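Residue numbers (this note's numbering): 2 to 395.
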């Protein structure tokens with residue numbers, strides 16, 4: 002089948018709710034993918050920061066195949082060793098988050114975290130503490146609870162009424178947060194770096210101030226690390242760069258190298274309020290996904306985090322030198338954005354694809370890059386050359 006034939010088939014049977022590129026991907030290896038016409042692309046979006054250790058990674062494939070010979074699914078009516086192993090390994094990477102709950106995606110993990118925060122206040126005698134402070138331009142998912150916590154009205158329009166109790170502040174403004182947090186606040190929910198806002202980091206020290214205010218007022222600090230976690234910024238979790246500890250945190254995207262999996266980690270005293278019947282997930286933590294995630298953890302522990310730090314610096318330098326109609330870059334590790342001085346981002350994405358590079362646009366002036374963490378120096382240099390050409394020709 003050709004690209005055109007597969008795209009036509011998709012258009013006849015799938016919901017048309019995605020701005021799908023006019024190519025059909027059929028194979029991947031490392032940082033490269035091939036379409037149905039046989040054209041090769043350098044993949045610098047990685048399934049939206051999800052193909053964390055490269056396409057068809059041999060270690061992840063081996064883990065999946067080995068687990069497939071044993072047990073595919075059991076549900077959480079029973080204990081499975083791969084789930085326990087992954088929980089042990091994730092919680093070992095944080096000082097205070099010692100309990101794990103597994104689901105299937107980032108929005109599910111955020112739904113669970115919102116429920117956990119509200120229930121924590123109820124169980125501890127404060128049912129009136131329902132307000133969750135969130136931030137403009139944030140993104141937490143597409144289900145109704147996560148959508149209600151998302152600070153981008155364009156995603157919310159037409160789906161009301163949304164769950165109540167969410168209040169929005171300006172991201173990174175400490176004084177606004179200080180004025181808003183009180184003894185009636187349930188939680189503060191934020192990303193350590195706003196991915197869907199254009200890869201926007203907060204001012205240095207901001208996360209520490211959030212931590213201080215939450216501790217002072219008895220509110221929970223909730224971090225959405227769906228896009229920034231699992232080595233993406235050069236640390237296991239992005240908040241570790243500021244050496245703070247949240248009360249709960251969500252993970253997904255790159256956690257299992259492209260296999261669907263989400264996770265919620267929480268402090269022991271917070272996690273314990275989820276008792277039997279309060280929350281569940283039929284597929285959550287299934288043996289295949291958790292086995293794949295443990296293989297990803299192996300790779301992170303074997304020097305990949307340090308590699309991301311070096312690769313991120315190289316990519317940052319190359320993007321800063323793109324010139325032309327670009328106006329700089331920003332980001333952390335291998336989650337980066339090329340900033341444009343004109344409304345060109347969608348055109349740049351199209352031209353880059355034609356040249357053999359896959360990236361994506363956030364709005365009209367930001368191009369996001371999230372290559373596999375295993376990307377080589379040569380691939381970074383080549384992608385930067387192609388992106389500079391795309392900017393010039395867009």
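Glycine is no exception: its CB is placed at the ideal position from the N, C-alpha and C atoms. Computed from a prediction, not measured in an experiment: that's the story for all the values here.
Closest Cα partner of residue i within the set the options
{"i": "residue 387", "options": "28, 36, 162 and 320", "result": "320"}
{"i": "residue 361", "options": "46, 385, 213 and 337", "result": "46"}
{"i": "residue 49", "options": "369, 377 and 391", "result": "369"}
{"i": "residue 197", "options": "225, 181 and 183", "result": "225"}
{"i": "residue 2", "options": "32, 36 and 12", "result": "36"}
{"i": "residue 276", "options": "120, 73, 82 and 53", "result": "120"}
{"i": "residue 246", "options": "274, 214 and 42", "result": "214"}
{"i": "residue 248", "options": "389, 51, 333 and 115", "result": "115"}
{"i": "residue 55", "options": "63, 62 and 32", "result": "32"}
{"i": "residue 262", "options": "12, 84, 42 and 34", "result": "84"}
{"i": "residue 165", "options": "180, 147, 179 and 156", "result": "147"}
{"i": "residue 199", "options": "140, 178, 325 and 238", "result": "140"}
{"i": "residue 282", "options": "306, 265, 270 and 273", "result": "265"}
{"i": "residue 381", "options": "348, 309, 393 and 273", "result": "309"}
{"i": "residue 88", "options": "117, 288 and 385", "result": "288"}
{"i": "residue 125", "options": "323, 27, 322 and 273", "result": "273"}
{"i": "residue 209", "options": "227, 231, 228 and 239", "result": "239"}
{"i": "residue 270", "options": "40, 184 and 117", "result": "117"}
{"i": "residue 78", "options": "363, 344, 285 and 90", "result": "285"}
{"i": "residue 331", "options": "318, 324 and 325", "result": "318"}
{"i": "residue 5", "options": "28, 39 and 29", "result": "39"}
{"i": "residue 244", "options": "192, 95 and 333", "result": "95"}
{"i": "residue 162", "options": "23, 144, 334 and 256", "result": "144"}
{"i": "residue 20", "options": "58, 391, 212 and 350", "result": "350"}
{"i": "residue 229", "options": "176, 334 and 184", "result": "334"}
{"i": "residue 232", "options": "306, 216, 207 and 63", "result": "306"}
8 angstroms contact criterion, which residue i and residue j should meet: CB distance rounded
{"i": "residue 242", "j": "residue 234", "result": "7 angstroms"}
{"i": "residue 424", "j": "residue 167", "result": "The chain is shown only over 2 to 395; residue 424 falls outside these bounds and no answer can be derived."}
{"i": "residue 304", "j": "residue 53", "result": "Incorrect: roughly 15 angstroms between the Cβ atoms, too far for contact."}
{"i": "residue 92", "j": "residue 134", "result": "Not confirmed; about 26 angstroms, so no contact."}
{"i": "residue 254", "j": "residue 51", "result": "5 angstroms"}
{"i": "residue 366", "j": "residue 346", "result": "6 angstroms"}
{"i": "residue 195", "j": "residue 105", "result": "Between residue 105 and residue 195 the Cβ distance is about 23 angstroms, and since that is not below 8 angstroms, they are no contact."}
{"i": "residue 43", "j": "residue 384", "result": "5 angstroms"}
{"i": "residue 151", "j": "residue 157", "result": "7 angstroms"}
{"i": "residue 352", "j": "residue 395", "result": "5 angstroms"}
Cβ of residue i within 9 angstroms of any chain B Cβ
{"i": "residue 244", "result": "Protein chain content of the structure displayed is limited to a single chain, and chain B is not contained in it."}
Sheet register partners of residue i (DSSP bridge)
{"i": "residue 327", "result": "341"}
{"i": "residue 222", "result": "189"}
{"i": "residue 28", "result": "35"}
{"i": "residue 363", "result": "367"}
{"i": "residue 44", "result": "359"}
{"i": "residue 195", "result": "201"}
{"i": "residue 137", "result": "152"}
{"i": "residue 170", "result": "136"}
{"i": "residue 333", "result": "336"}
- request: Assess, as a yes-or-no matter, whether the region 103 to 118 is touched by the region 308 to 322 under the definition of 3 or more beta carbon pairs within less than 8 angstroms.
  value: no
message: If contact is defined by three or more beta carbon pairs under 8 angstroms, each pair taking one atom from either stretch, is the region 211 to 220 in contact with the region 287 to 304?
response: no
- prompt: Does the region 92 to 107 come close enough to the region 122 to 131 to have 3 or more Cβ pairs within less than 8 angstroms?
  reply: no
task: Decide if the region 199 to 207 is in contact with the region 168 to 181; the criterion is three or more beta carbon pairs, one per stretch, under 8 angstroms apart.
output: yes
- request: Indicate whether the contact test is met: 3 or more Cβ pairs, each with one atom in the region 327 to 338 and one in the region 8 to 19, closer than 8 angstroms.
  value: no
- request: Please list the segments of the alpha helix (DSSP H) lying wholly inside the region 221 to 286, counting only runs of 4 or more residues, in order along the chain.
  value: 269 to 272
- prompt: Where in the region 83 to 120 do unbroken runs of the alpha helix (DSSP H), each at least 4 residues long, occur, reported from the N-terminal end onward?
  reply: none
The region 278 to 294 / the region 69 to 77 touching (three or more Cβ pairs under 8 angstroms): yes
field: Contact between the region 370 to 379 and the region 350 to 357 (3+ Cβ pairs under 8 angstroms)
entry: no
- request: Write down every uninterrupted run of the alpha helix (DSSP H) in the region 49 to 87 whose length is 4 residues or greater and which is fully enclosed by it, in chain order.
  value: 59 to 69
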